[in-house]
Amino acid sequence: MSGYAGKILDIDLTARKIGVIPTRKYEHWVGGHGMGSAIFWDLVEDKSIDGFDPANVVTILTSPLCGTLAPAAASRCEVQGIGVQSYPIGWFTRSNFGGRFSSMLKFAGWDGIVIRGKAEKPVWIDIRNESVEVKDAGTLWGLDTWTAQKKIWREVMSGQDFSRWMRLGSRDDASRTTQKPAVLAIGPAGENLSRMACLIHDASNAAGQGGFGAVWGSKNLKAISVIGTGSIKVQNPKALMNARLWQKKNYAYNLKDTDNIASGTVFQSPPIPGVLWGYPTGSWRPKEGQRPQACVGCHSGCRARFASGLGNEATCYATVFYIGARKPEIQRKASDLINQYGLNAHEMLYCLLYLNSLRMKRILGAGRDIDCPLPFKDYGKENFVEQFVKMVAYRNDGLGNPHPFGDDIAEGTIRAAKKWGRLDEDLASGLLPFPFWGLPVHKEPVGQLEWGYGTLLGDRDINEHDFDWMKWDATSAKMSGGEPMVPAEELVRIYTDKMAPFQGDRLMLDYSAENMYSEHIAKLVTWHRYYTRFWKQSAMFCDWRWPDFLNLRAPGKIGSTGEAEPKFLQAVTGKEISFLDGMELGRKIWNLDHAIWTLQGRHRDMVHFAEYIYTKKSKMVEAPVLFLPGRKNGKWDYCNMLGRRMEKEKFEGFKTRFYTLQGWDTKSGYPKRSTLEALGLSYIADELESHGKLGQA
Amino acid sequence: MDEGKEKKSEKGRFGISRRNFLRLSKDVFVAIGAGGALTHIVWAKKGVAAIPVSEGYLVVDIKKCQGCVSCMLACSLVNEGVENLSLARIQILQNSFQNWPDDVSIEQCRQCVDPACVKACPEGALTADPENGHVRRVCKEKCIGCMSCVEACPHPPSRAVWNFQENLAQKCDLCSHAPHWEEKGGPNGKQACVEVCPVGAIQFVAQVPEQEGEDGYKVDLRGPAWGRLGYPVD
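From first to last, the protein sequence lines stand for chains A and B.
Our numbering applies: residue 1 is where the first sequence begins, and numbers increase by one.
Our numbering applies: residue 698 is where the second sequence begins, and numbers increase by one.
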């Protein structure tokens with residue numbers, strides 16, 4: 001099984017037993033998300049349980065590309081299970097993180113880890129190649145994620161010198177490594193079951209969404225450590241090496257090719273850290289000594305490490321989380337705090353903005369209707385953010401004293417708003433900008449349609465940037481009076497030519513109001529779901545470097561997506577999975593996930609945005625305009641897509657078109673038997689039918 | 698005759714002045730010409746055979762490295778045909794929680810002018826390979842797995858790598874015998890780590906680096922273009 005270790009670690013925390021699932025049983029899903037959903041389906045009988053139920057199963061899966069030279073495809077790791085963050089239902093959801101963990105797991109001889117049950121007391125899992133132990137975590141519980149990881153490093157390597165080869169075993173000829181264990185851990189937030197708690201690996205690799213930190217906390221699982229010295233078999237090493245160098249030469253950044261350097265969440269970006277310190281008013285990218293920092297095997301790192309050590313490896317929301325910070329150092333310290341305590345930066349940012357909005361309305365504060373112990377006079381200072389983070393992590397006032405406000409907030413922003421009797425009002429006005437499933441806004445959902453629709457029709461903020469770079473480029477060009485990389489019509493042609501099986505439908509990228517409810521946009525959303533479910537979340541091509549649609553370095557500016565992904569997968573595994581095969585697998589996985597949501601209670605009638613999306617004209621905090629391709633009077637241009645609202649009735653029409661395209665019952669949104677059977681999922685149709693949730697033909 | 702004493706009084710047997718000699722050990726001198734190029738090796742003690750210097754070296758920039766370990770993945774891929782960090786003949790050490798530049802180090806084989814590993818090998822399996830520019834190379838057929846070279850390397854982590862799967866030693870030979878790669882390796886060819894490094898933090902050089910300390914091998918490979926990305930240039 002080239003690319004695979006051949007075994008999935010199966011841990012029953014209740015019985016403290018270690019088992020093995022042969023990877024071959026799920027090999028047809030290829031890896032990552034597809035495998036995770038399939039394993040979840042098999043192991044969790046009642047899909048409607050709560051995320052905190054010990055019967056919830058968490059899967060952590062790699063792909064055959066992890067630990068290989070596939071560029072920006074060798075390090076991601078997919079976490080799945082029933083989440084506790086979304087509302088009103090904690091959907092079966094996913095999160096994903098990079099760094100060293102997934103490759104190290106493969107080197108240790110494992111394709112993934114399945115976690116079942118609940119330990120009686122806090123434990124951690126110590127994986128050293130094939131040797132796996134569930135150990136008491138008494139001295140780790142309570143530690144922040146960084147301290148816990150460093151402590152585990154020392155314990156696993158038995159105090160050996162990190163500057164030398166370290167043996168795994170006592171014999172002189174034992175296997176050895178110079179690498180430190182890769183550890184995934186929860187911080188105090190997860191231990192105290194905060195619904196915003198996440199999983200942290202190294203300084204800032206985070207499985208941020210879904211509240212998996214709290215799920216682990218509910219299972220009394222503090223950390224998983226893995227060190228491996230084994231080999232990953234590659235079907236065709238020469239082909240892999242050739243493919244890597246070809247990709248580098250033709251599509252990756254080249255500092256000598258200064259006319260064609262373009263940075264962003266794209267393949268050809270040079271290794272500039274994706275930090276948003278200082279955003280949106282400016283850039284506080286540190287000017288001190290620094291290096292780019294990349295996940296295993298990546299051709300262009302998206303983070304950095306600094307001479308001061310402040311904010312090491314942090315990117316994106318982890319950097320902008322304390323948006324009100326008065327000084328760069330404070331904002332960077334806040335990044336470290338959120339990683340150390342193990343909290344989801346995305347929701348913490350919007351939670352804080354919401355609290356500040358309520359404060360400015362004089363509803364929230366010391367002694368007010370909502371009694372909040374945060375010292376808002378110090379908003380922007382370090383003590384404020386430290387108290388806020390600790391408040392959420394410890395469910396108290398943030399200073400070590402009991403306080404119900406901490407408890408409210410630790411339950412997540414939506415549940416706090418509900419408790420305070422403000423939920424309906426603030427979702428109607430937009431004071432609480434949480435458009436879907438109790439989760440905060442990310443990209444403006446009425447403008448960036450694939451983002452808004454994809455999130456609502458799925459389980460979480462999609463956080464998939466496939467169509468985001470064109471927005472950044474066009475918007476910054478229009479705002480600065482410059483020119484976008486390419487004219488809109490050319491961009492649309494290049495992108496849509498690659499969007500098999502719907503290739504050629506240019507209107508998939510017409511974001512205009514006239515087109516926003518159309519079948520073309522339904523195809524855009526569909527393409528996006530299938531591509532991300534398979535190529536990114538199962539095969540593990542990283543979201544910040546793939547797909548490679550438009551590439552300024554390539555002839556005709558045509559990027560390598562469609563050609564590159566199957567090439568690398570085949571070089572490693574020998575599997576002849578075409579791009580279209582992968583899209584079909586993505587469709588299969590998407591249907592499996594939707595079946596799980598259906599069993600959890602999903603029905604068409606509940607698939608709605610928060611009220612303010614339908615009633616208020618769209619706007620963004622970070623910029624006054626949002627440019628995306630669209631047609632005006634039959635001509636393509638980049639148009640400003642802000643200032644419109646989602647029309648409810650027309651959105652209902654969109655849903656019908658989307659469900660039709662999926663082959664789902666348009667009345668209920670339930671999958672139909674014919675669709676599932678055509679995908680080889682008749683057993684899923686049977687299960688849905690037994691619950692009365694099979695779509696009608 | 699004491700050859701060392703003789704060189705003090707004259708311009709030297711080979712016409713090189715005394716100040717241009719670099720003493721590496723009590724037995725070995727090298728002569729450095731203009732521009733740092735090695736011109737000669739001489740030996741002070743009778744009966745000690747000279748080990749020819751390598752015609753190639755890797756130099757690295759530890760302030761530039763992005764810690765992706767692509768070099769390690771490429772090394773084990775082209776040499777062993779698998780991905781395995783523990784079998785890589787170049788090692789990246791890093792610590793997420795440490796400050797730049799101490800958070801990363803690149804530890805490549807130095808192809809030492811006075812190779813302790815070669816001298817330690819009791820079987821003559823580790824030699825300066827004359828067919829490949831005198832790279833210090835393990836002939837696996839002759840290696841008996843005694844680990845003497847591994848223990849002898851004075852640069853931790855040992856650059857002579859213990860292959861615990863084959864119970865043999867192996868080490869960087871500048872890809873002179875990389876069976877899983879189509880390119881020609883060795884000092885007159887290409888090196889997988891150099892080719893794959895995404896940021897150009899590894900470079901091949903033909904000149905002998907300064908042997909004392911680290912400065913000969915840990916160099917500045919950045920430049921104005923790197924600076925334009927917002928990174929420090931020395």
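Virtual Cβ for every residue (Gly too), placed ideally from N, Cα, C.
First through last residue of the alpha helix (DSSP H) which encompasses residue i
i	result
A:Asn-633	No alpha helix (DSSP H) holds A:Asn-633; DSSP gives it neither H nor E.
A:Asp-126	Note, A:Asp-126: premise wrong, no alpha helix (DSSP H); beta strand (DSSP E) at 123-128.
A:Gly-495	It should be pointed out that residue 495 of chain A corresponds to Tyr in this sequence rather than to Gly. Looking at the DSSP string, the run of the alpha helix (DSSP H) that includes A:Tyr-495 is 488-497.
A:Gly-586	579-600
B:Arg-833	Element bounds for B:Arg-833: not the alpha helix (DSSP H) but the beta strand (DSSP E), 832-835.
A:Phe-609	Counting along the chain, A:Phe-609 falls outside any alpha helix (DSSP H), and DSSP gives it neither H nor E.
Member of the options whose CA lies at the smallest distance from the CA of residue i
i	options	result
A:Ala-410	A:Pro-440, A:Asn-401, A:Gly-367, A:Cys-351	A:Cys-351
A:Gln-662	A:Gly-51, A:Asp-510, A:Ala-678	A:Ala-678
A:Ile-462	A:Gly-210, A:Gly-51, A:Gly-398, A:Leu-349	A:Gly-210
A:Asp-42	A:Leu-681, A:Gly-695, A:Ser-429, A:Leu-694	A:Leu-681
A:Leu-626	A:Phe-658, A:Ser-512, A:Glu-313	A:Ser-512
A:Ile-82	A:Gln-340, A:Lys-219, A:Ile-577, A:Asp-336	A:Lys-219
A:Ile-60	A:Arg-645, A:Ser-538, A:Gly-669	A:Ser-538
B:Pro-895	A:Leu-69, A:Phe-467, A:Leu-676, A:Arg-362	A:Leu-69
A:Arg-195	A:Asn-344, A:Leu-449, A:Thr-561	A:Asn-344
B:His-852	B:Gly-910, B:Asp-870, B:Ala-771, B:Gln-867	B:Gly-910
A:Arg-415	A:Val-234, A:Thr-62, A:Pro-88	A:Pro-88
B:Met-844	B:Glu-838, B:Ala-857, B:Cys-836, B:Val-832	B:Ala-857
A:Leu-276	A:Val-20, A:Leu-221, A:Cys-298, A:Arg-332	A:Arg-332
A:Leu-628	A:Val-572, A:Gly-482, A:Pro-547, A:Lys-471	A:Lys-471
A:Trp-284	A:Thr-258, A:Gly-311, A:Asp-468	A:Gly-311
Span of the beta strand (DSSP E) around residue i
i	result
B:Glu-654	Outside the modelled stretch of chain B, which goes from 698 to 931, sits residue 654 of chain B, for which no answer is possible.
A:Gly-112	112-116
A:Thr-59	58-61
A:Phe-711	As displayed, chain A neither begins before 1 nor continues past 697, which places residue 711 of chain A out of reach and without an answer.
B:Ile-653	Look at the range of chain B in this structure, 698 to 931, and you will see that residue 653 of chain B is not part of it.
Residue i, DSSP secondary structure in three states
i	result
A:Gly-213	helix
A:Trp-91	coil
B:Arg-925	helix
B:Gln-947	Examination of residue 947 of chain B is not possible in this model, given that chain B is present from 698 through 931 alone.
A:Lys-233	strand
B:Ile-789	strand
A:Val-625	coil
A:Met-166	strand
B:Cys-772	helix
B:Ser-845	helix
A:Trp-437	coil
B:Asn-829	helix
A:Ser-2	coil
A:His-201	strand
A:Thr-258	helix
Chain A contact residues for residue i, given Cβ-Cβ distances below 8 Å
i	result
B:Gly-778	Val-234, Pro-237
B:Asn-829	Chain A residues near B:Asn-829: none, gap ~20 Å exceeds 8 Å.
B:Ala-889	Met-241
Interface partners of residue i on chain A, CB under 9 Å
i	result
B:Ser-855	Arg-164, Trp-165
B:Glu-863	Simply none; closest approach about 11 Å.
Chain B residues whose Cβ lies nearer than 7 Å to that of residue i
i	result
A:Ala-474	Ordered by position in chain B, no residue passes the 7 Å Cβ test against A:Ala-474, which lies about 23 Å from the chain.
A:Arg-305	Trp-797, Asp-800
Contact set between residue i and chain A, taken where Cβ atoms lie within less than 7 Å
i	result
B:Gln-763	Pro-271, Arg-291, Pro-292, Gln-293, Ala-294, Gly-301
B:Ser-783	Ser-175, Arg-176, Thr-177, Thr-229
9 Å Cβ cut-off: residues of chain B touching residue i
i	result
A:Glu-313	Ser-793
Query raised in the report: Which residues, taken in chain order from the stretch 898-917 of chain B, show a beta carbon closer than 8 Å to some beta carbon of chain A?
Result: Listed by position along the chain: nothing, the set is empty.
Query raised in the report: For the stretch 184-212 of chain A, which residues have a CB atom closer than 7 Å to at least one CB atom of chain B, in sequence order?
Result: In summary, the residues of the stretch 184-212 of chain A whose CB is separated from some CB of chain B by less than 7 Å are Asp-202, Ala-203, in the order they occur in the chain.
Report task. Quick one: which residues of the stretch 513-528 of chain A get their C-beta closer than 8 Å to a C-beta of chain B? List them in chain order. Result -> Hits within the stretch: zero.
Requested in this report: Scan the stretch 62-75 of chain A for residues whose Cβ lies nearer than 7 Å to a Cβ of chain B and list them as they occur along the chain.
Outcome: Those would be Gly-67, Thr-68, Leu-69, in chain order.
Query raised in the report: Relative to chain B, which residues along the stretch 240-258 of chain A have a C-beta separation below 8 Å, given in chain order?
Result: Correct list: Leu-240, Met-241, Asn-242, Arg-244, Leu-245, Lys-248, Ala-252, Leu-255, Lys-256, Thr-258.
Report task. Return the residues of the stretch 170-183 of chain A that lie within a Cβ-Cβ distance of less than 8 Å from chain B, sorted by chain order. Result -> Under the 8 Å Cβ criterion, the stretch 170-183 of chain A contributes Asp-172, Asp-173, Ala-174, Ser-175, Arg-176, Thr-177, Thr-178, Gln-179, Lys-180.
Query - Short-range partners of chain B found in the stretch 566-585 of chain A, where Cβ spacing is below 8 Å - result: Cβ contacts with chain B: none found.
Requested in this report: Give the residues from the stretch 679-695 of chain A that approach chain B closer than 9 Å (Cβ to any Cβ), ordered along the chain.
Outcome: Cβ proximity to chain B below 9 Å picks out nothing from the stretch 679-695 of chain A.
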